[in-house]
Amino acid sequence: MNGRDNAAVRAFFDARAAKWDETCPHDPAKLQIIARLCCLVPGAAVLDVACGTGVMFGPLLAHGAESITGIDLSPNMVAEARKKWSGEPRVRLLTGDALDLGMPGFDLAVIYSAYPHFPDREALARAMARCLAPHGRFLVAHSESRAAINGRHHSPPVQAVSTTLRPAAQEAPVWEPFFALDTLIDTPELYVLSGTLR
Ligand SMILES: C[S@@+](CC[C@H](N)C(=O)[O-])C[C@H]1O[C@@H](n2cnc3c(N)ncnc32)[C@H](O)[C@@H]1O
Numbered sequence: 003m004n005g006r007d008n009a010a011v012r013a014f015f016d017a018r019a020a021k022w023d024e025t026c027p028h029d030p031a032k033l034q035i036i037a038r039l040c041c042l043v044p045g046a047a048v049l050d051v052a053c054g055t056g057v058m059f060g061p062l063l064a065h066g067a068e069s070i071t072g073i074d075l076s077p078n079m080v081a082e083a084r085k086k087w088s089g090e091p092r093v094r095l096l097t098g099d100a101l102d103l104g105m106p107g108f109d110l111a112v113i114y115s116a117y118p119h120f121p122d123r124e125a126l127a128r129a130m131a132r133c134l135a136p137h138g139r140f141l142v143a144h145s146e147s148r149a150a151i152n153g154r155h156h157s158p159p160v161q162a163v164s165t166t167l168r169p170a171a172q173e174a175p176v177w178e179p180f181f182a183l184d185t186l187i188d189t190p191e192l193y194v195l196s197g198t199l200r
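The sequence shown maps to residues 3 to 200 in this note's numbering.
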């Protein structure tokens, strides 16, 4: 994937949405660790960027999120999230490109298991900065190693809609103009990049 190709990304995830939770399971213990690393303030308003079927919603609510706005490019992924979460008043779902979101005031923007699908990292960092309240945080996370993620993204259909996940230390300079970074994890178990809006 070289540039922004929303139609291809949308088609890829729309086609996989119905079976997404079955085919892409997540370690619940690691989701809890990632939610803890979000350092949610009491009453936090959370933006879950590229939320898919909403795998992070439960852990975020359990760690004190007062509201979650999930946005995803794929209508079918959002439809799956809606099936699971329509009864939860703290969850709101939007279909669209997170880079175009003009909704300020969130305390946290989390990008879980989706970062490689944003080829223009600088545009993502800028969009997240625009959506956050003063002192708001962003958190990019994966519950697997970088090697595992890049390995899975190697097959041609996935390669067409994703980019290589670089070492966290190499991604950091993209975020530093907007955020004071305080967390860089790049281990065989977790990948996390996080910080507070400057
Ligand atoms: C690998 S899935 C992960 C979904 C979810 N976070 C999870 O962990 O199950 C990546 C998601 O990113 C979404 N996505 C990609 N580019 C996007 C964009 N520009 N704006 C919003 N969502 C996007 C896709 O539609 C897809 O649902």
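Idealized CB from N, CA, C, for every residue including glycine. Every value quoted in this text rests on a predicted model; they were computed, and no experiment measured them.
Between Gly-66 and Pro-44, the C-beta gap is smaller than 8 Å, which places the two residues in contact. Annotated as proximal: Phe-108 and Leu-134, with beta-carbon spacing under 8 Å.
Annotated three-state conformation of Pro-190 is coil, per DSSP. Met-105 counts as exposed, since fewer than 16 other beta carbons sit within 10 angstroms of its beta carbon.
Shown here for His-144: same chain residues with a beta carbon closer than 6 Å to its own, the five before and five after excluded, namely Ser-115, Ile-151 and Tyr-193 in chain order.
When rounded, the separation of the alpha-carbon atoms in Lys-21 and Phe-14 is 13 Å. For Glu-173, the enclosing alpha helix (DSSP H) starts and ends at 170-177.
Counting only runs of 4 or more residues that sit fully inside the segment 14-62, the alpha helix (DSSP H) segments are 22-25 and 30-39, in chain order. Take the alpha-carbon of Leu-96 and the one of Phe-59: they are about 14 Å apart. Residue burial is scored here from C-beta neighbours: His-119 has at least 16 other C-beta atoms within 10 angstroms and is therefore classed as buried. For the 8 Å CB-CB criterion, Phe-180 and Leu-167 do not form a contact. Closest option to Glu-24, judged by alpha-carbon separation, among Ser-196, Glu-173, Leu-103 and Thr-55: Thr-55.
The way I'd put it, the segment 69-87 does touch the segment 47-54; three or more beta-carbon pairs between them come closer than 8 Å. Ala-174 sits away from Asp-188, with the two beta carbons spaced by 8 Å or more. Taking a contact as a CB-CB distance under 8 Å, the pair Leu-49 and Leu-110 counts as one, their CB atoms being some 7 Å apart. Glu-124 sits away from Val-57, with the two beta carbons spaced by 8 Å or more. In this structure, the straight-line span from the alpha carbon of Gly-72 to that of Thr-165 is close to 22 Å. Shortest gap from the CB of Ser-147 to any heavy atom of ligand 1: 7 Å or more. Distances from the CB of Ile-73 to the heavy atoms of ligand 1 include at least one below 7 Å. Contact between Gly-98 and Arg-139 is absent: CB atoms are separated by about 22 Å, not below the 8 Å threshold.
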